[in-house]
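Q: In this note's numbering, the protein residues as written are 30 to 215.
Sharing a structure here in structure tokens format.
As structure tokens, this is what we get:
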């Protein structure tokens with residue numbers, strides 16, 4: 030290992046670490062934006078559901094509807110907090126692994142945060158109140174088009190990490206080759 034190849038490897042590793050930190054920050058920013066908007070999205074979807082059931086709205090009356098809205102808001106906040114705490118790096122999911130970092134891959138990952146268990150919990154207050162509501166669509170819960178700048182930032186950051194990883198690999202190979210050459214006496 031020469032000083033030159035070691036320095037090149039150190040520089041590449043620092044660039045990689047920095048790119049990973051930027052990816053994590055961009056991803057957290059997107060997840061936070063999506064989850065902050067969840068209560069208002071649940072409210073809008075619930076409003077659509079109750080509009081198709083006016084008899085049940087009349088049966089509940091204003092007080093019952095106020096209680097329903099409060100229950101929907103509470104469960105939306107709970108689900109949002111759980112998603113924030115457990116999200117990890119969904120943008121590095123199987124779609125991104127197979128097809129690369131793209132806005133579509135990140136969008137698909139964000140929609141995946143709201144699977145059956147989350148959708149069931151979000152819909153439960155409506156069902157408990159006697160409404161026959163269809164499941165909330167994951168794409169409308171995530172509504173990533175509202176966060177296209179953040180979505181693009183995540184996709185760009187993932188690509189930057191990939192590029193930095195390739196630089197680390199190249200620097201490591203050069204360093205290894207130099208070690209072999211030095212040991213061989215070249």
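Beta carbons: idealized from backbone N, C-alpha and C, even for Gly.
It should be emphasised that the depicted structure is a prediction, and the values quoted were computed from it without experimental measurement.
Does the stretch 146 to 163 come into contact with the stretch 108 to 117, if we say contact requires no fewer than three beta-carbon pairs (one atom in each stretch) closer than 8 Å?
A: As far as the Cβ criterion goes, the stretch 146 to 163 touches the stretch 108 to 117, which means the pair count is three or higher.
Q: Examine the Cβ distances between the stretch 203 to 214 and the stretch 163 to 172 and report whether three or more of them are shorter than 8 Å.
A: The stretch 203 to 214 is not in contact with the stretch 163 to 172.
Q: Could you check the C-alpha separation between residue 172 and residue 88 for me, to the nearest Å?
A: Each residue's Cα considered, the two are about 32 Å apart.
Q: Taking 7 Å as the limit between beta carbons, can you name the residues of its chain near residue 154, skipping five residues before and five after?
A: Answer for residue 154: 97, 100, 101 and 104, listed in chain order.
Q: Is residue 119 near residue 138, with beta carbons less than 9 Å apart?
A: The answer is yes: Cβ separation under 9 Å.
Q: What does a CB cutoff of less than 6 Å around residue 190 pick up in its chain, not counting 5 residues either side in sequence?
A: Answer for residue 190: 48, 49 and 52, listed in chain order.
Q: Is residue 78 near residue 143, with beta carbons less than 9 Å apart?
A: Result no, Cβ atoms of residue 78 and residue 143 do not sit closer than 9 Å.
Q: From what residue to what residue does the alpha helix (DSSP H) around residue 36 run?
A: Note, residue 36: alpha helix (DSSP H), 32 to 80.
Q: Within the same chain, show all residues whose beta-carbon is closer than 6 Å to that of residue 64, passing over the 5 residues directly before and after it, in chain order.
A: Same-chain partners within the cutoff: 109, 112 and 113.
Q: Out of 35, 162, 84 and 58, which one is the CA nearest neighbour of residue 73?
A: Of the listed residues, the one whose Cα sits closest to residue 73 is 162.
Q: Report yes if the C-beta distance between residue 241 and residue 38 is below 9 Å; otherwise report no.
A: Examination of residue 241 is not possible in this model, given that the chain is present from 30 through 215 alone.
Q: Please report how far the alpha carbon of residue 68 lies from the alpha carbon of residue 192, in whole angstroms.
A: If you take the alpha carbons of residue 68 and residue 192, they lie about 37 Å apart.
Q: I'd like the list of long-range same chain contacts for residue 184, defined as Cβ closer than 8 Å, with 5 residues on each side in sequence excluded.
A: Closer than 8 Å at the Cβ level, and outside the excluded window around residue 184, lie 120, 130, 131, 132, 134 and 135.
Q: Whole angstroms is fine: what's the gap from residue 195's alpha carbon to residue 95's?
A: Their Cα atoms are separated by approximately 55 Å.
Q: Could you tell me the boundaries of the alpha helix (DSSP H) in which residue 213 lies?
A: Looking at the DSSP string, the run of the alpha helix (DSSP H) that includes residue 213 is 177 to 213.
Q: Could you tell me which of 58, 33 and 152 sits nearest to residue 182, measuring between CA atoms?
A: For residue 182, the nearest C-alpha among the options comes from 58.
Q: For the putative contact between residue 66 and residue 175, defined by C-beta atoms under 8 Å, what is the C-beta separation to the nearest angstrom?
A: Contact holds; Cβ gap of about 7 Å.
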